[in-house]
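Here's the structure we're looking at; comments come further down.
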Amino acid sequence: MNNKVTYSIGELAKEFDITTRSIRFYEDEGLLSPRRQGQQRIYTNKDRVRLKLILRGKRLGFSLAETRRLFELYDADNSSAAQLEKVLELVSEKKHSLKQQMEDINVLLTELSGLEQRCQDELESIQSSVSEVHSQESL
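Note that UniProt numbering has the sequence shown beginning at 1, numbered continuously upward.
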């Protein structure tokens, strides 16, 4: 567990291997709320955890709007029952979406394999015809 109390934008960018611009984007989207000291942004451990959750959600295919909804639920009721119900709903939707994408990808792979085989057969036919012409020319 990280015991550090505050972080600079550069420290968070380095820790999560993202750009400072990405962090500012999440701030502009209302997902992070650092306090300011003059021009400098001061991020708390809460901001750090939120950034980690944003990036994890992104990796799992959650949109920023979905992540924002989860944060709003947590901020409104951190007893987490409502948040967990929403997470379960989002996970179910995401699984359904991914299964559909997988089916679509499998159909596309089948079509591409068929096209690949037809092209390979046609190429072999052309190469065979060219070989026959060359052998007849040499006679």
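No residue lacks a Cβ here, since even glycine has one placed at the ideal position from N, Cα and C. Computed from a prediction, not measured in an experiment: that's the story for all the values here.
Simplified DSSP state of residue i, which is helix, strand or coil
i, result
"I18", "coil"
"F71", "helix"
"Q57", "According to the sequence displayed, residue 57 carries Gly and not Gln. Correct three-state label for G57: helix."
"E29", "coil"
"S63", "coil"
Beta-ladder partner(s) of residue i, from DSSP
i, result
"residue 141", "The structure shown does not extend to residue 141, since the chain spans only 1 to 139, so no value can be given for it."
"T6", "T44"
Residue i versus the options, residue with shortest Cα-Cα distance
i, options, result
"Y26", "G57, V5, Q37", "G57"
"S71", "K14, S128, L51", "The amino acid at residue 71 is misidentified as Ser; the sequence shows Phe. Measuring from the Cα of F71, the nearest candidate turns out to be L51."
"N45", "K4, E124, Q127, V91", "K4"
"K86", "Q40, R21, R36, A65", "A65"
"L60", "L84, L90, V130, L112", "L90"
"L84", "R69, H96, S97, L98", "R69"
C-beta atoms of residue i and residue j nearer than 9 angstroms
i, j, result
"L73", "I54", "no"
"Y43", "T6", "yes"
"R48", "R41", "no"
heavy atom of the ligand ATP below 8 angstroms from residue i C-beta
i, result
"E132", "In the structure shown, the ligand ATP is absent, as is every other ligand, since no ligand is present at all."
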